[in-house]
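J.:
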Amino acid sequence: MSKVAASILISATTFANPTTPKALPFGASAFVTIDNQIRVSVDKTAEVPVVVLLRNADNKIVFSQKINKKEAKYAMKLNVDELADGKYELEVKSEEGSIRKELNLSTQPAQKTSRLVAME
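All the letters of the sequence shown, read from the start, carry residue numbers -16 to -1, 1 to 104 under mature numbering (1 follows the signal peptide of the UniProt record, and there is no 0).
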């Protein structure tokens, strides 16, 4: 059985005035691999500390990682094979704002593969 993300929805929020949006001092991307991992990449344009959080549907933090303000680029792999099916939220945040990604993990049953080999 394997976990896959059925959907990844991206939203960025900042705590500045909504009429004058402030650019975040970092960018983030995430995707789910076929081998049950979430790969996260963070690129910072300023020396600010950043935190990566993964929350379950009950808003409980199941993973937390602090990124030092001196690290301009950071990449990580999260193994989600042991997580229960359901909705999760990945958040990358600093004091200036956050980027949130919604993940929906679901187990797909293993598919039986049959092959026919003919020899002449």
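Quick reminder that beta carbons are idealized off the backbone N, C-alpha and C, glycines included.
When the Cα atoms are used, what is the spatial distance from R99 to I51?
T.: I51 has its alpha-carbon roughly 48 Å from the corresponding atom of R99.
J.: How far does the beta strand (DSSP E) with E79 in it extend, from its first residue to its last?
T.: First-last for E79: undefined, no H or E at that position.
J.: Whose C-beta lies closer than 7 Å to the C-beta of P9 among residues of the same chain, with five residues either side of it excluded?
T.: Once the five neighbours on either side are set aside, the close Cβ partners of P9 are K28, T29, A30, V32, S78, E80.
J.: Give the range of the beta strand (DSSP E) segment to which L67 is assigned.
T.: Taken as a continuous stretch (DSSP letters only), L67 belongs to no beta strand (DSSP E), as it is neither H nor E.
J.: Taking 6 Å as the limit between beta carbons, can you name the residues of its chain near S25, skipping five residues before and five after?
T.: S13, A59
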